[in-house]
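K.L.:
So that we are looking at the same thing, I have put the structure below in structure tokens.
In this note's numbering, the protein residues as written are 134 to 407.
Structure below.
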């Protein structure tokens, strides 16, 4: 179900990029509905199988987000249009690797090999069992497409390119986003592999365990430390992009004010004075 919804969202946003502008609001609405629905549909999996609470929170928050976004697209709000363009650009980058298996597998194989090179260089005993599988001390880690940094690169490039910018701003934004995220993601993978296979973080099993032996170290390394670290980094990266392109800063301010204002209105103003 989740894969079908993501695919439907991708198709919707790609249609958004190629049809006349006056009709783009409709595939944009469909794209947002499908992508949020995909996260909501997978909430039980994230909680029960992965002990991951970040995506369930995103899914729940996505419901009012979609309602506001659809309404503003129907009003031809240019900033929400820019936001949808960013999502469409992100899918344009992601789709070739996500849906053309040889391309996705090639990227996974490259990332796996580079992680092995880094681990060997720092003296960590690692064995590469397959093109996408590594092992240490009896624990195995499989590298999947989500481990390549592709999603973060696609999202941040979508943000960087969603508003008008000069050629130089586009080039600088690309250089700030793609190579930096790719390299930092390699070290993120290295940390998770070392922490899990080395069993560094076997603490609080009542929170972190899913019944699999040794999973606690993976939970804390991947679902908590790496996720929060990536979130902080992406916020810092967004602030750098705002400095590169002033239009992006204005866009972000308008988007925050729009959604905050709408949520505040619908919740009664958070106790505002009457």
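Beta carbons are placed, not taken as given, at the ideal position from N, Cα and C, and that holds for glycine.
Taking a contact to mean a Cβ-Cβ separation below 8 Å, would you say residue 227 touches residue 283 in this structure?
P.N.:
Looking up residue 227 in the chain shown gives position 94. Looking up residue 283 in the chain shown gives position 150. Result yes, Cβ atoms of residue 227 and residue 283 sit closer than 8 Å.
K.L.:
Shortest alpha-carbon distance to residue 150 belongs to which of 137, 220, 272, 189?
P.N.:
To locate residue 150, count along the chain shown from 1; it is residue 17. Closest by alpha carbon: 220.
K.L.:
Which residue from 167, 359, 136, 154 puts its Cα closest to that of residue 209?
P.N.:
Within the chain shown, numbered from 1, the residue matching residue 209 stands at position 76. Closest option to residue 209, Cα to Cα, is 154.
K.L.:
Are there 16 or more other CB atoms within 10 angstroms of the CB of residue 262, so buried, or fewer, so exposed?
P.N.:
As a position in the chain shown, residue 262 is number 129, starting the count at 1. With fewer than 16 other Cβ atoms within 10 Å, it is exposed.
K.L.:
Do the stretch 189-209 and the stretch 261-280 make contact, defined as three or more Cβ pairs closer than 8 Å?
P.N.:
Counting Cβ pairs under 8 Å, fewer than three are found: no touch.
K.L.:
What does a CB cutoff of less than 8 Å around residue 290 pick up in its chain, not counting 5 residues either side in sequence?
P.N.:
Residue 290 sits at position 157 when you count from the first residue of the chain shown. Answer for residue 290: 222, 223, 226, 306, 307, 310, 311, listed in chain order.
K.L.:
Spell out whether any CB of chain B is found under 8 Å from the CB atom of residue 156.
P.N.:
The chain labelled as chain B is not found in the depicted structure, where only one protein chain is given.
K.L.:
Would you report the Cα separation of residue 134 and residue 229, rounded to the nearest angstrom?
P.N.:
What you label residue 134 is simply residue 1 of the chain shown in a count that begins at 1. What you label residue 229 is simply residue 96 of the chain shown in a count that begins at 1. Residue 134 and residue 229: Cα-Cα distance of roughly 20 Å.
K.L.:
Quick one: using the 10 Å Cβ neighbour count with 16 as the cut-off for buried, is residue 218 buried or exposed?
P.N.:
Position 85 of the chain shown, counted from the start, is the residue given in the question as residue 218. Label assigned to residue 218: buried.
K.L.:
Inspect the CB distances between the stretch 231-239 and the stretch 168-176 and report whether three or more fall short of 8 Å.
P.N.:
At 8 Å Cβ cutoff, the stretches do not touch.
K.L.:
In the DSSP assignment, the beta strand (DSSP E) including residue 263 goes from what residue to what residue?
P.N.:
Taking the chain shown and counting its residues from 1, one reaches residue 263 at position 130. Run containing residue 263: 260-263, per the beta strand (DSSP E) assignment.
K.L.:
For residue 386, count neighbouring C-beta atoms within 10 Å of its own C-beta (all shown protein chains included) and say buried if the count is 16 or more, exposed if not.
P.N.:
Here residue 386 corresponds to residue number 253 of the chain shown, with the count starting at 1. Under this definition residue 386 is an exposed residue.
K.L.:
Note down, in chain order, each residue of its chain lying with its Cβ closer than 7 Å to the Cβ of residue 334, except the 5 sequence neighbours on either side.
P.N.:
Your numbering for residue 334 matches position 201 in the chain shown. For residue 334, where only same-chain residues beyond five positions count, the Cβ hits under 7 Å are 328, 349, 350, 353, 354.
K.L.:
Between which two residues does the alpha helix (DSSP H) harbouring residue 142 extend?
P.N.:
To locate residue 142, count along the chain shown from 1; it is residue 9. Looking at the DSSP string, the run of the alpha helix (DSSP H) that includes residue 142 is 135-151.
K.L.:
Residue 102 by DSSP, collapsed to three states: which one?
P.N.:
With the chain represented from 134 up to 407, any question about residue 102 goes unanswered, as that position is not in the structure.
K.L.:
Can you list, in chain order, the residues of its chain with a C-beta nearer than 6 Å to that of residue 377? Leave out the 5 residues immediately preceding and following it.
P.N.:
Counted from its first residue, the chain shown places residue 377 at position 244. Around residue 377: 302, 305, 306.
K.L.:
Is residue 244 closer than 8 Å to residue 281 when the C-beta atoms are compared?
P.N.:
The residue labelled residue 281 in the question sits at position 148 within the chain shown. The residue labelled residue 244 in the question sits at position 111 within the chain shown. Against a cut-off of 8 Å, the Cβ pair of residue 244 and residue 281 comes out as a contact.
K.L.:
Should residue 158 go down as buried or exposed, given a rule of 16 or more other Cβ atoms within 10 Å for buried?
P.N.:
Your numbering for residue 158 matches position 25 in the chain shown. The residue is buried, with at least 16 neighbouring Cβ atoms inside 10 Å.
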